[in-house]
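4 protein chains.
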Amino acid sequence: MALKTPEQYIDSIKAVKHRAFIAGKRIEDVTQHPNTKPVIDIVAKTYELALNPKYEDLLTLTSPLTGEKISRWCHVPGSIEDLEKRRQMNILMSQIGGTCHARCVGTEAIHALAGVTYEMDQKLGTEYHARFKNFLRYMQENDLTSSEPQTDVKGDRSKGPLEQEDPDVYVHIVERRSDGIVIRGAKAHQEGNIAAHYHLVFPSRPLRKGEEDYAVMCAVPAGSQGMTYICQDGPYEAERREAPDINILGNPVYGNAISSMTIFDNVFVPSENVFMCGEIEFMDSLIDKSSKIHNMVCRGACKVGFMDLIIGAAQTIAEYNGIARASHVVDKITEMIRIRETTHACATAAVLTGKEEPEGSGAFYPEAMASLSASLNTQYGLPQIVMLAADLAGGLVVTMPSELELTNPETSEYVKKYLKGVASVPTEDRLRMLKYLQYWVAGPQGARMWQGGVGTQVHRMGMYRLFGNVMEEKKQMAKDLAGIKK
Amino acid sequence: MALKTPEQYIDSIKAVKHRAFIAGKRIEDVTQHPNTKPVIDIVAKTYELALNPKYEDLLTLTSPLTGEKISRWCHVPGSIEDLEKRRQMNILMSQIGGTCHARCVGTEAIHALAGVTYEMDQKLGTEYHARFKNFLRYMQENDLTSSEPQTDVKGDRSKGPLEQEDPDVYVHIVERRSDGIVIRGAKAHQEGNIAAHYHLVFPSRPLRKGEEDYAVMCAVPAGSQGMTYICQDGPYEAERREAPDINILGNPVYGNAISSMTIFDNVFVPSENVFMCGEIEFMDSLIDKSSKIHNMVCRGACKVGFMDLIIGAAQTIAEYNGIARASHVVDKITEMIRIRETTHACATAAVLTGKEEPEGSGAFYPEAMASLSASLNTQYGLPQIVMLAADLAGGLVVTMPSELELTNPETSEYVKKYLKGVASVPTEDRLRMLKYLQYWVAGPQGARMWQGGVGTQVHRMGMYRLFGNVMEEKKQMAKDLAGIKK
Amino acid sequence: MALKTPEQYIDSIKAVKHRAFIAGKRIEDVTQHPNTKPVIDIVAKTYELALNPKYEDLLTLTSPLTGEKISRWCHVPGSIEDLEKRRQMNILMSQIGGTCHARCVGTEAIHALAGVTYEMDQKLGTEYHARFKNFLRYMQENDLTSSEPQTDVKGDRSKGPLEQEDPDVYVHIVERRSDGIVIRGAKAHQEGNIAAHYHLVFPSRPLRKGEEDYAVMCAVPAGSQGMTYICQDGPYEAERREAPDINILGNPVYGNAISSMTIFDNVFVPSENVFMCGEIEFMDSLIDKSSKIHNMVCRGACKVGFMDLIIGAAQTIAEYNGIARASHVVDKITEMIRIRETTHACATAAVLTGKEEPEGSGAFYPEAMASLSASLNTQYGLPQIVMLAADLAGGLVVTMPSELELTNPETSEYVKKYLKGVASVPTEDRLRMLKYLQYWVAGPQGARMWQGGVGTQVHRMGMYRLFGNVMEEKKQMAKDLAGIKK
Amino acid sequence: MALKTPEQYIDSIKAVKHRAFIAGKRIEDVTQHPNTKPVIDIVAKTYELALNPKYEDLLTLTSPLTGEKISRWCHVPGSIEDLEKRRQMNILMSQIGGTCHARCVGTEAIHALAGVTYEMDQKLGTEYHARFKNFLRYMQENDLTSSEPQTDVKGDRSKGPLEQEDPDVYVHIVERRSDGIVIRGAKAHQEGNIAAHYHLVFPSRPLRKGEEDYAVMCAVPAGSQGMTYICQDGPYEAERREAPDINILGNPVYGNAISSMTIFDNVFVPSENVFMCGEIEFMDSLIDKSSKIHNMVCRGACKVGFMDLIIGAAQTIAEYNGIARASHVVDKITEMIRIRETTHACATAAVLTGKEEPEGSGAFYPEAMASLSASLNTQYGLPQIVMLAADLAGGLVVTMPSELELTNPETSEYVKKYLKGVASVPTEDRLRMLKYLQYWVAGPQGARMWQGGVGTQVHRMGMYRLFGNVMEEKKQMAKDLAGIKK
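Residue numbers (the numbering used here), protein chains in the order written: chain Z, 1 to 486; chain D, 1001 to 1486; chain L, 2001 to 2486; chain U, 3001 to 3486.
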């Protein structure tokens, strides 16, 4: 069987020679450093669950490529039912980790590559799809984790790649050799990179003639020569570094799964790992496919799992505070539910009306408009959910003392006495739920969730453009009823 | 073949002896009175389209009951595919009529009855389902139109049926005879009554012990002894009565399909037409089923068709005014699209995750939560769409003169000269599009659409209650991650 | 005393020779035609109230120009206290008429002219201010009503005046004579024109070099040679024309005060009535001044009076329906109040921080940013208020029958019985309150109120531009705190 | 002169014997501990600015009590002009500190006490006002800082003080002696306590008969026998504790001014420091007065200063990113401005329509409804501002590395190269602005700002109740226009 145990996975990552930094210092072992450990642990959890019979049907399947039992994270959805499981898998991981589980985008990259490489081969006679399938087989056989470095650092946002002062602010090919290519540049916000075996480097924007060097998709092993990982650092990382016991933290085990800026400084990629190399005319198809997946999976599934956690926490704290039945509290919880269910329904529609693209590729994608709807409703709705949860939690969500006071005999009795809510709930439970809510409403999760890689404006423009296909028809309907003669 | 022609339908309605009133006067012929004609005409259109080969698959089918080709308006959806066609049928009629097409709720009643009568028979050993099937066969064989008088006039809303000063403000059984029952009361807001052959009288609220007389569902032929129809009347009706030519009106052919308050003053209903008679314990199931259908069909389909028309009209007027490319205009149109697509996706999810209820009944219903999501997003979104459309139309949508000025030599040249927008569009077309938008944004359609029978509060409470089924699970997820011990 | 009685006012308007049309027909007597009578009557009401000792202090004052007691409608605010009374005057008229009282914009024109003519004379050595004062004295001495035809019909909105196919879509000077000028063009949406003695023709947009002919401000007597009034017409006008008794209408006495498109077809204006004639460099000042007044008076005062009426009506109908104490109803009423009070507070701030501009002119104007805030909050808030009122009113607000049913013995008892709400309120009162709410939520008032002459986009741009004056300062504050060195 | 230098202030606080804890440990010197130092430093800044001639007029005045020059923070506003300066003072401190400046609520307490003690003496013949004036003179002469411990810890929120299992969850009198009283309980969320010389203990809710022991207002010197301060602790505190250089932090100097839960464990208060002692019938007046001040000062002034900073930072980062001119960016900045100006206008109105209450007291308060409007618009608007700022900042606001990377030769060149935006701005500046925005959008400031002591529901109920005074009048207006006879 191809499935790794969590321990095997952790060992395999420990074996990678990351050149990684955090807060100005080199990290010795990413699997043990307090700030990188959570992201390794949540990925390890995906391996653990895949071995759990309870989740066997959801998280594993028999590979059409290898005929072996593989992880669904290495699979390209080949039917609506597969797409649906892809979605459920993401909701599950969000509910279990309460943080980015870091496997999502790597699987997205595989998913998008399947269709686009097929298309390229059909139209151009290239061999990208065969290469991709070889690569995928290798991933499946070794039960590997991939990441998708997509967002370029971009420099001056008013300019395209070629107009930048520094050509490297978008990853690009700097040399083409007979046996492969050399790439340079950096990708920002990479949540899964430090936990992955392979990076599936992806272009981040439509490209024009002359920008061929920027149209590059390829697989790079983690820790390759020339790579550097500069990890995010902020208050939550500092708090975790200092904590004598993770249980005093907001989301103790999985916390604030950190990302890194990942730098490719003249990294060589052998030809068999290159899946696009200059074919700018396929950028639209690539972006269309990866958007459809990302909008459905990242906004319509992952965030739905987070909403579940926030709703559950808000209801719990309302009960702990003794206000769960007040009419305005019921109304606020209902509003959170309304947002959750709207997003969930949009994603459901996106999955159930998905289709194979292109025909014959065997790769199924969600429907674009419903995916965009899921995305925009999430992005507009999450800030509302966060605000409502903060409101229900009350001021302590910001002003609470450390749980360490409970271990200090000088203060523990005061804290137990004065931070108690309803009589039946231990103060410690109330403190932990408040600390957990703090993680959601008074830290980076808010901005992270409603931003999540792509801003609302891009989705709005996507919707407007897509509706353009039927606008003439809608105008004609209105004209017919208005009595305007053709 | 069972299908009526539109002419046959109109003749059959003309043959009904309605005791109907409008603006204080008895109506002679509802098929010809300017205010009732539009609602007859839009129903006639449903008959016309059913005979059109283009819509054959959507609007007709072979009845599982009769084996004959019948109208889908007389059919109980027996599969997800059927549910989907039920939805498409509603979107189509909204797009074609731009008004209530009046067949929706009657078909809803049939749909809800199918499941509930089956349930009652299974649990109580009654014969309601058999009666219902006989009635349905008769409807199919004669291609009849039904309506669903549901909303009672309610009197004092703070009181239940038994606490009212006047017991008749909810329709109820006043006499039980060996051969049938006698009912009394009135139903408000009945958009289709005047155009229907049969009224499927429905209770409008959950009932308690002691309120058995109010738990009555039965079929009453239009114009029965004891019935009176008091039609709505308002500015749009007056305008239509006066118009020398319907083309000067906002939605000239189908306009403001009017409703009536329908009074049942000791109406006798023979036993074979009675489908519920006191079984209060089935009210929850009945309301659940009819809500699921109504939310999906009325908010998630019908209103999506209307949104299409408003978006099409708003885009057209922006083009006529020369502002379609301004960034704020694009943004407003996009917001309208976002609302439309969100609602549409929720309804899609409701249909595609629907199921047979109860098993064995052969009746398929949409999923409840997604239906509620469609409903609330419509109700909150439509006022935004209406406001945005009004904004894009500009002040003339309110202040425009009558198109009759174009027929007056003293003013026609001024109107043509000064109410012209972009040079390429005739002033007459601009006037007609403005008049059409007036119908949507400066008349009863706004309030009508976002209200539409059931207020938002009912749906919010429905959502909160439904989420109650999973709330404990969500709370537990949050507690697990917060580190709270069980 | 200069004050006219309402009868004298009506006679003076009857004496005007309007060339006016409605629904394709010439109007004989605008003071008696059912559609124009309401606007004459509400203006007559302003005359009546000025003679009422209760309002003497608010509605009249001793003119600084004539030393006589005059109507405040002919006065230029010369202090903050005056500005405050100007505001109160508008709220009062909205509350009393529930419709456009038609004097607002004419007084705005006088108000704006006072400052701008002073400025022009100071800078250019012209005599506009002296002319203006003569004209104003004449207005005061004869207690006349003025209107402000400002909004040009505009043609293609993507083009300026000189780029239009028809140069007349903006009013402009077509001939300059020794004794005056000749103007041509048309102004749309003129609510007060038909009820005014004088039209104060105003330009509607900033102008550039070469567009001098469009920079024209002048006073034209109503009914001048070359003028035509084409009145708005729609459903509410038709309903009023037909009504045997105005009490069956929604706002029976003052109703839907109608506007007209007013055409100036080579109208001669003598020099003494011309207050701007080509001075494009003063357009910014003119627009700034008239915007400040309009935003404060029209959005921050007039609409606050309307909101009072809608809130009062919504609360009343909730009580009639028996639901006034339900928590969601209290919450909806509270939301309406919140919007009302926000707008009101913004307008209060605009008045109380107003100032004389330019110094020495004696003309006081509200502060610009607070006026814009009042405006935008009104425009975004009113649709919400309308929607909430519709929700509280329930479906009957759209589907109610005519009150004429109460006079028909065949239906009156049914209507009384079945349209009763709580037992203590006569059905007739409930019907009238519903009909009154219909006027607000299911007719043109919604779109009219939130649009009202200038779209939100213009105000948003105004705010952004105005904030530009302090943006550098705010950026510097942020940089200082961020630790960015200068 | 009574004014302290900042150094004198710091020394005076250092001299207080605080029994204070943070993260489970006793704090040695609150003026130097990294987590408490910022709040001491921002208060020291208020002393520094008072000595700066530039702010002399705003921050100091000649005391009507002492005839000496005093700090305005120890003054009761005695005119509208004073109220206005009170407001400006708060905006200024927000702009300068970008955090809670901790003097606001202590000054609020003085402000509220002035009117309420006067009222009590007038009605009850007590001597509270004289005591209060003595205390105030002492504060002024010694230029002291006060805090206002108001929010009780509350226990079970569904229960009043007497129904709680633990009577101490609301601060109350446990003993009445001839020379004073003894109090017990705890106050949560006290931002200024650690930096104050005196705590003005305040009740937090309306009280009923039987709850007299909870109606207690008194002044307690900081560090009194029986007092304990348990400080808040969270990620931002940990980050600051660890930072080798505060310049790597988000708001380096003043940061996240922390609060404490302050415990009064049998604290004795001598009679001369007691200003209310059981007079429950004055709780309504007290709450009314303190709400009016708090809503105006805390929401309508303080938060406006914060909005300025966020807008300034958002505009700066948009420029650094090269997107400041994109239409959607302009629109987002405009929306932030709209919210800022609305709140600002509401607070302006509250100040300018304020009045002396009760007459003769010499204490001026803002108008209640406009203060509530400021509050609600802030609470609903700030989350929108935060979300928009996060959107404009982009993903780096969450995922950025530590500035310490710039000091590490292994990573500094990569960071400078790849985190550069437009060419003209040094990467370091961009990093600092992002870190500064992180402080606003990805930490506790969001929840803190929109919550800020009192939830929205309390304000909504306050508005509804206040509008109750005019509701009948509004209903009558509507009835008059609807034609309903009295």
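Glycine residues also receive a C-beta, built at the ideal position from the N, C-alpha and C atoms.
Where residue i meets chain Z, residues with beta-carbon distance less than 7 Å
{"i": "A3328 of chain U", "result": "Here residue 3328 of chain U is His; the residue named in the question, Ala, does not match the sequence. What H3328 of chain U touches in chain Z: Q457."}
is_contact[residue i, chain L] using C-beta, thresh 8 Å
{"i": "A3349 of chain U", "result": "yes"}
{"i": "A3318 of chain U", "result": "no"}
{"i": "H1189 of chain D", "result": "yes"}
Any C-beta of chain D under 8 Å from that of residue i
{"i": "R2103 of chain L", "result": "no"}
{"i": "Q384 of chain Z", "result": "no"}
{"i": "P2161 of chain L", "result": "no"}
{"i": "W2450 of chain L", "result": "yes"}
{"i": "K2303 of chain L", "result": "no"}
Close beta carbons around residue i, own chain, < 6 Å, minus the five adjacent residues each side
{"i": "T262 of chain Z", "result": "P149, K187, Q190, N193, Y229"}
{"i": "D3143 of chain U", "result": "A3002, L3003, K3004, S3071"}
{"i": "N3074 of chain U", "result": "Residue identity check: residue 3074 of chain U is Cys in the sequence provided, not Asn. M3139, Q3140."}
Own chain partners of residue i with C-beta closer than 8 Å, once the 5 adjacent residues on each side are dropped
{"i": "S2166 of chain L", "result": "It should be pointed out that residue 2166 of chain L corresponds to Asp in this sequence rather than to Ser. Taken in chain order, the residues that qualify are G2155."}
CB contact below 8 Å: residue i versus chain Z
{"i": "P1252 of chain D", "result": "yes"}
{"i": "P3444 of chain U", "result": "yes"}
Chain U contact for residue i (CB, 8 Å cutoff)
{"i": "Y236 of chain Z", "result": "yes"}
Cα-Cα separation, residue i to residue j
{"i": "F2233 of chain L", "j": "R1338 of chain D", "result": "It should be noted that the sequence gives Asp, not Phe, for residue 2233 of chain L. Distance between the alpha carbons of D2233 of chain L and R1338 of chain D is about 34 Å."}
{"i": "G3024 of chain U", "j": "R3157 of chain U", "result": "27 Å"}
{"i": "R325 of chain Z", "j": "K1486 of chain D", "result": "23 Å"}
{"i": "E2472 of chain L", "j": "A3318 of chain U", "result": "14 Å"}
{"i": "M217 of chain Z", "j": "P203 of chain Z", "result": "7 Å"}
{"i": "E3242 of chain U", "j": "R241 of chain Z", "result": "9 Å"}
Sequence-distant residues of the same chain with beta carbon closer than 7 Å to residue i, five excluded per side
{"i": "L3431 of chain U", "result": "M3400, E3403, L3419"}
{"i": "E1405 of chain D", "result": "T1411, S1412, V1415"}
{"i": "S2285 of chain L", "result": "V2116, E2119"}
{"i": "A2301 of chain L", "result": "R2087, N2090, I2091, A2347"}
{"i": "I3042 of chain U", "result": "G3097, T3099, H3101, A3102, Y3254, A3257"}
Per-residue contacts from residue i into chain D (C-beta, under 7 Å)
{"i": "F364 of chain Z", "result": "Within 7 Å Cβ-Cβ: nothing; F364 of chain Z doesn't reach chain D, min ~15 Å."}
query: Which runs of the alpha helix (DSSP H) fall wholly inside the stretch 97 to 169 of chain Z and span at least 4 residues, in chain order?
result: 104 to 124, 128 to 142
**Message:** To test your reading of the DSSP string, which unbroken alpha helix (DSSP H) runs of 4 or more residues are found completely within the stretch 2382 to 2420 of chain L?
**Reply:** 2396 to 2399, 2412 to 2418
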